[in-house]
Each structure stands twice: as structure tokens, then as C-alpha cells.
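Enquirer:
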Amino acid sequence: MSSSPSQTDPLSRLREALAEAAAEAVPAGDASPATLEPPGAGGEGDYATNAALVLAKPAGEPPREVAERIAAGLSARLGDELESAQVAGPGFVNLTLSDGWHVAALSEVASAGQGWGAGSADPPLRVNVEFVSANPTGPIHVGGTRNAAYGDSLARLLAFTGNDVHREFYVNDAGSQVVVLGESVKARARGEEPPEGGYQGDYVEALAADIPGAADLPVDEVARAAVALMVAEAERSLARMRIVFDDWFHEHTLHEGEPSAVGRSLAAMGDQDRTFEEDGALWLRTTAFGDDKDRVLMRSSGEHTYFASDIAYHRDKLDRGFDLLIDVWGADHHGYVDRMQAAFEASGGEPGALELVIMQLVHLVEGGERAKMSKRAGEFVTLEDLIDDIGVDAARWFLLARSHETTIELDLALAREQSSENPVYYVQYAHARACSILERAAREGQEAGGKPASLHPSERALVRRLLEFPDEVAEAAARRAPHRIATWALAAAQDFSAFYRDCPVVGAEPDVAAFRLELCAATRDVLARALDLLGVTAPESMERDDQIR
RNA sequence: GCCCCUGUAGCUCAGCUGGAUAGAGCAGCGGCCUUCUAAGCCGCAGGUCCCAGGUUCGAAUCCUGGCGGGGGCACCA
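The number in our numbering is simply the position in the first sequence, starting from 1, with 463 added.
#1: Might you give, ordered along the chain, the residues of its own chain that have their beta carbon closer than 6 Å to the beta carbon of Arg992, omitting 5 neighbours on each side?
#2: Return the CA-CA distance between Leu875 and Gly830, expressed in angstroms with no decimal places.
#3: By Cβ distance below 7 Å, which residues in the same chain neighbour Leu560 in space, the five residues on each side in sequence not counted?
#4: To which residues of the same chain is Asn610 closer than 7 Å at the C-beta, ignoring the five residues directly before and after it?
#5: Rounded to whole angstroms, what is the Cα-Cα separation between Val1015 and His826?
#6: Residues in the same chain with beta-carbon distance under 7 Å from Gln881, minus the five sequence neighbours each way, listed in chain order, please.
#7: Starting from Ser547, follow the beta strand (DSSP E) in both directions and report where the run begins and ends.
#8: Taking a contact to mean a Cβ-Cβ separation below 8 Å, would you say Ala977 touches Gly912 in this structure?
#9: Taking contact to mean at least 3 C-beta pairs separated by less than 8 Å, is the region 946-955 in contact with the region 863-874?
#10: May I have the straight-line CA-CA distance separating Thr845 from Asn598, to the nearest angstrom?
#11: Is Tyr662 closer than 8 Å to Val643 when the C-beta atoms are compared?
#12: When we look at the beta-carbon of Asp754 and count the other beta-carbons within 10 Å, is it buried (16 or more) or exposed?
#13: Terminal residues of the continuous beta strand (DSSP E) containing Glu684?
#14: State the beta-bridge partners of Ile821 as determined by DSSP.
#15: Report the rounded CA-to-CA distance for Ala556 versus Ala539, giving the unit in angstroms.
#16: Helix, strand or coil, according to DSSP, for Phe712 in the structure here?
#17: Express the C-alpha separation of Leu588 and Thr624 in angstroms, rounding to a whole number.
#18: Hey, out of Pro473, Ile533 and Ala581, whose CA is closest to Glu571's CA?
#19: Output the distance between the C-alpha atoms of Asp636 and Asp958, rounded to the nearest integer angstrom.
#20: If you measure between the beta carbons of His777 and Leu817, is that distance less than 8 Å?
#21: In chain order, what residues of the same chain lie with their CB nearer than 8 Å to the CB of Val1019, ignoring the 5 residues before and after it?
#22: Hey, is Ala977 close to the ligand COA, as in C-beta under 7 Å from one of its heavy atoms?
#23: Take Asp493 and list the residues in its own chain whose beta-carbon comes closer than 7 Å to its own, dropping the five residues that flank it on each side.
#24: Shortest alpha-carbon distance to His713 belongs to which of Val694, Pro722 and Glu721?
#25: Inspect the beta-carbon positions of Leu990 and Val926 and report whether they are closer than 8 Å.
#26: Check whether the region 642-661 and the region 723-738 touch, using three or more Cβ-Cβ pairs below 8 Å as the test.
#27: With distances taken between CB atoms, is the gap from Asp757 to Thr750 smaller than 8 Å?
#28: Cα separation between Thr512 and Pro933?
#29: Return the CA-CA distance between Asp852 and Trp951, expressed in angstroms with no decimal places.
#30: Report back the beta-carbon spacing between Ala551 and Leu518 to the nearest angstrom; my notes put them in contact at under 8 Å.
#31: Please work out which residues of its chain come closer than 7 Å, Cβ to Cβ, to Val682, disregarding the five sequence neighbours upstream and downstream, and give them in chain order.
#32: If we require 3 or more residues per run, which beta strand (DSSP E) segments fall completely within the region 574-649?
#33: Taking only runs that begin and end inside the region 946-1002, name each unbroken alpha helix (DSSP H) of 4 or more residues, in chain order.
#34: Report yes if the CB atom of Asn626 is closer than 8 Å to the CB atom of Lys780, and no otherwise.
#35: Taking the beta strand (DSSP E) that Arg758 falls in, what are its first and last residues?
#36: Leaving out the 5 sequence neighbours to the left and right, which residues in its chain are closer than 8 Å to Leu481 when beta-carbon positions are compared?
In C-alpha cells, the structure reads:
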């Protein structure tokens, strides 16, 4: 999928000028791998490019000589926009853009507002993001909460980059675990202990109390009622997390009808000779598609496996017209990735049309001590416990701020802290401050959009930070990495704080004040968008409600 | 045994499809509230980027081999 930012934003135009200057300097070379980025610690200027280093070999010349020509070409193309282009180090070209370029660039960000960084994927894809999909036999716990935050934020990113996104929760309501749930609830309703291997948590007793006549109803009816209650509770909990699913897909529907979806899928794979019988069971030859062993579809007992349902389910998603399926799974399911991919292809899916994202674990810590995950069997920290404790904003931030590929140590003491020590409040505070300045300026009748004679370095740095956002969004979406947005937002909040410190708005000379107001408005909008992509609120004010810190 | 993730500052982590003197938050030390929110700001200190080879003008980043941590390898869901 490509989701390139607008071709006409200031950075894209800079890259275009660079590409032209590079092609002119080394006609035989390909400068497309060259970077244009903020310089590293050793460099000066606003942007640095390694184009000359990339092109030195095809040019057959020392990099610094190539760099000189590129610098000259850029100067010729950019005119007043370019303050200087210096060759440095082994052959970098360091660019310093003029204040005028920054002012013009900001006005583009400001006029895009919250749409800054929005993409138009080409082509737009119909994407099905399936996430959480926790078994309806118990509450959603912390791992599922991370999965929820990630899946939702990924969906937001994919939508913002121009795709048609569908959020889906798969309810495993057809397996033997559901029967066990029914038995456990029924036992509790009769005042008995759940059976061996049954569900032990307090919620089982709550279910028993909420299902009229549970003690005497048939187990399958109790089970059905219990699943319905658990699903409703999951829906409520997820809504508290600001997550709304488009579809709650029930596994049992795959077994309804004649032939059922599962039956049709088995028959189709059979027709293609991709299944075989052995030891009284029906197997899928997943080894033909990269799995390390073949897998059972139908047990010798005649019952299908969950795997058979999964295959039919993914087939169903394709049949509903999605171009791309993304499944977000917990770490404990990574062993199923190869077989699912193999089965997906065996059942006619295009390689690449199914992505399986594995979430690593969450460890809760409390001020350095490993928090107790389970006091006794059946008790664990749930989604509800977590957001009651630290709040939705902090929960989403801390679960999203790190790569899904890494295990999280979530410090509850830090996340609970409503103070400067907590990064999520820091970012929200930057947003609130921007709002506060704008509100005050509006009261005093100041207007945004001036052209000051010169800019402060903090203003320039903040403008460039905002200009990064479209690339950051595209990268985060393409790499399925929402944590990049959190990293960017923190850096942007820091840049805004520097600007706030160095550049008073109210009381500044009119053109200066007008420019700074525009910068505040743009920062407010882009920060709000970044927070929204994470599902974190962007408050307009954060008045302290107590002075004790 | 095989598979996946991971090893970067005291702690938690960014950076990883190669770029210059490796960053942030927290913790530590020292400063800053008659000024648009001190839920803030400034400064200091803090590193064999797990180890060893290799590729490259250039490696935290790529390759190979080790070592450590976590998770997973059902006719369970």
C-alpha cells in the first residue's frame, strides 16, 4: 500500500528540487535512495542530504565534488528559499532554509489544519482489521487491552491515510470452552464449585446471578446466555476505551446453513486436493504452503477443529470484498501464524492479502515491583481494572507508546501520576497551552497569519517539526507502527514548549504576534490529530484541580 | 530440538529497508514562579548500542556464528 503525503507539501517540493539537482550532477546515477533529514549531531543547518554519498560511486568521483555540484544545483533552484547549502563531512550537503520558506511552509500546515498529514492511499484499500477477539469466556485482560489499543490506533492510521477501514471482533462462541463456561455458570447457580478445568473467576458467579433460572436450564442455553452477557460487557468495556467495532462476527454462524461456510470451505479445499485423510481425521496439507507440519481440520471424532472455522472465517472476509485482512494476535498465538498463512493460501487467498501482527506481552509493575497479575485462580487485571486505575488516556498512551514487537513494562505508579512526570499529560498540556494562548488572543482581537521580518530558532524548529508529520503518519501506517506517532507527539510537545518559552505571543509586535498565533493554531491542530490517532483526548484546558503535587 | 520477539544511559524505551559527535521519558544533582498554565523551563551527570567475525567509503542499523531474556511449538480454544 502506498500512502504518500500530498505531493505539493513543502518537504516534497524540497525533495523534488534535490532529485533534480542530483540528476543534473550525476545523470547516470539514481538518487532515489538519498535521504533528506534533519542533520545528525555533527551537522548544521535545517536538513541534510546524503545524495552525494549515494551517487559518488556511479559518478566515479569523490563524494565532496558531487556534493558541491548538488549544492550549486539546489542554490540555483531554490533561490531565496535557501539561505545556504554547505558541503560537510564526508559529502553531506547541509541546507539552511530561509525564514521566508518557513513562514510560507507554516501557512500550508495551518490551512490544512487537522487534515495536515492526511493521505490518499493509491489505490485506497478496503481493510479489515480484526483485533481483540478475546474468548467470550472471561473479561478482557491487560494483554487484550494492549491489543485493543493497538488495533484501534492502527485502524485510525489506515483510515487517515485514505483507506476504507472496518473494525471487526471475532467471537469464538462455538468451541468446547463455551460449553465449559456454561457448565461453570450452571454449577455456580446451583451453589456448587465449577467442574475440574472450569472457569473460576468471580465473574462466573455474577453471570449465574444475571441469568434467570441458570441452575435448571440446559447447559447450552446457559452457555448461550453467558456468552451474550460477556460479549455485551466486552462491548461496553471497549466503548470506554473509545473503541467501536463495525462487526462482531460470531463463529457459530460459520456452522449454520446447509452447506455451512465451514463445509463449503472444506469441500473447496478437497476439490483442489489440498486435504487428505489419515488416522480417521481430515488434514490440510499446509506443508505445501510453508508450514512445518500438516494440520487437522476434522478430528477422528468427527468434530471440526477451530482451525477449520478460522479458514472459513478468513474466506468469508475475502468474500465480503476486503482487499487486505489484518489480524492482530497475542504473543501466545504466534505459533499459529505459519499455519494460518498456509491455510489462507490453500483456501485461495492471495499471499500478502493477510497480515498477522503479533503483539508482545504486557507486564504490570508498581513502582518497580512486579504487580501481582493473579491473586488466585481466575483473578487478573482486566481492562476495566486498568482504566479505573490509570484512566483511558494514560492507558492508551502507555500501551501505544512502544513498539508492538517489544514487551511492555507498564509502571502503574507512573501512569497513574497526573503530573509532569507523565508523558501523556505533557503532550496534552502542550495542546492545552496552545488553546489557551489562542483563546486569549481571540479575546484581544488579534489575528493570525503575519509575516515577521525574522524568526526565532524555536519558531523555525517547531515549523519543521510540524512539516515532518505527514511523513511520520505515512511511515507509521505503512509499518503498522502507531507508536511512532507517540514518539513524534512527545517531540512536538517539547518543541512547542521551547517556542512557548522563547516567543511570547501576547504583546508581541503585530506581524510577529500574528505569525506566532498561526503557529499556535497549527500546532494545536496537528497535536490534536496526533492524539486522536492514538485515541487520546486533546483537552482545551488542563486546570489543576489541586495544588498538592 | 525448532519457530517468533528481544538485548541501546541506573530504570523503561525510541532510533533498526546503512550516514556525521547515538536520543527521550523517569530516576539523580544544581538552578528558575511580579511574565500567554511551574501539569512547566534551564543546566549537569550518565553509554564496550550483549559478544565475535563479515559486507561497506561509512554499521546500533545489514549478514554469519555465539551468549542472555521473554513467548510459543495439540486430532485445546
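Here a beta-carbon is modelled for each residue, glycine too, at the ideal position from N, C-alpha and C.
None of the values given here were measured: they were computed from a predicted structure.
Expert: According to the structure data:
#1: Excluding five sequence positions before and after Arg992, the CB atoms of its chain that fall closer than 6 Å to its own CB belong to Gln577, given in chain order.
#2: Cα to Cα, Leu875 sits roughly 7 Å from Gly830.
#3: Around Leu560: Asp509, Glu544, Leu545 and Glu546.
#4: Closer than 7 Å at the Cβ level, and outside the excluded window around Asn610, lie Phe594, Val595, Val791, Gly793 and Met822.
#5: Any question about residue 1015 goes unanswered here, given that the chain covers just 464 to 1012.
#6: For Gln881, where only same-chain residues beyond five positions count, the Cβ hits under 7 Å are Tyr888.
#7: DSSP places Ser547 inside the beta strand (DSSP E), whose first and last residues are Leu545 to Ala551.
#8: In this structure, the beta-carbon distance from Ala977 to Gly912 falls below 8 Å.
#9: Judged by Cβ distances under 8 Å, the region 946-955 makes contact with the region 863-874, as three or more pairs qualify.
#10: The C-alpha of Thr845 lies about 14 Å from the C-alpha of Asn598.
#11: Against a cut-off of 8 Å, the Cβ pair of Tyr662 and Val643 comes out as a contact.
#12: Residue environment: Asp754 is assigned as buried (16 or more neighbouring CB atoms within 10 Å of its CB, all protein chains considered).
#13: Secondary structure note for Glu684: it is in no beta strand (DSSP E), and the uninterrupted alpha helix (DSSP H) holding it is Val682 to Arg703.
#14: According to DSSP, Ile821 bridges with Trp792.
#15: Strictly speaking, residue 556 in this sequence is Val, with Ala absent from that position. Using only the alpha carbons, I get a separation of about 15 Å.
#16: Strand at Phe712.
#17: Taking the CA atoms as reference points, Thr624 sits about 10 Å from Leu588.
#18: Out of Pro473, Ile533 and Ala581, Pro473 has the C-alpha closest to the C-alpha of Glu571.
#19: Cα to Cα, the separation comes out at about 50 Å.
#20: With a cutoff of 8 Å on beta-carbon distance, His777 and Leu817 are scored as near each other.
#21: Outside the displayed range of the chain (464 to 1012) lies residue 1019, so it cannot be described from this structure.
#22: Of ligands this structure carries none, so the ligand COA is not represented either.
#23: Within the same chain, and ignoring the five residues on either side of Asp493 in sequence, no residue has its Cβ closer than 7 Å to its Cβ.
#24: His713 has its Cα closest to that of Val694, out of Val694, Pro722 and Glu721.
#25: No, these two residues do not count as a Cβ contact at 8 Å.
#26: With a cut-off of 8 Å on Cβ pairs, the region 642-661 is not in contact with the region 723-738, counting fewer than three such pairs.
#27: Cβ atoms of Asp757 and Thr750: closer than 8 Å.
#28: If I take the Cα positions, the gap works out to 19 Å.
#29: Between Asp852 and Trp951, the C-alpha separation is close to 26 Å.
#30: The beta-carbon distance between Ala551 and Leu518, rounded to whole angstroms, is 16 Å. This is too long to meet the 8 Å contact definition.
#31: Closer than 7 Å at the Cβ level, and outside the excluded window around Val682, lie Val642, Gly645, Glu646 and Lys649.
#32: Qualifying beta strand (DSSP E) stretches, in chain order: 589-593 and 627-634.
#33: The qualifying runs are 946-965 and 973-997.
#34: In this structure, the beta-carbon distance from Asn626 to Lys780 does not fall below 8 Å.
#35: Looking at the DSSP string, the run of the beta strand (DSSP E) that includes Arg758 is Arg758 to Met761.
#36: Hits under 8 Å: Ala494, Ala497, Leu499, Thr512, Ala514, Ile533 and Leu537.
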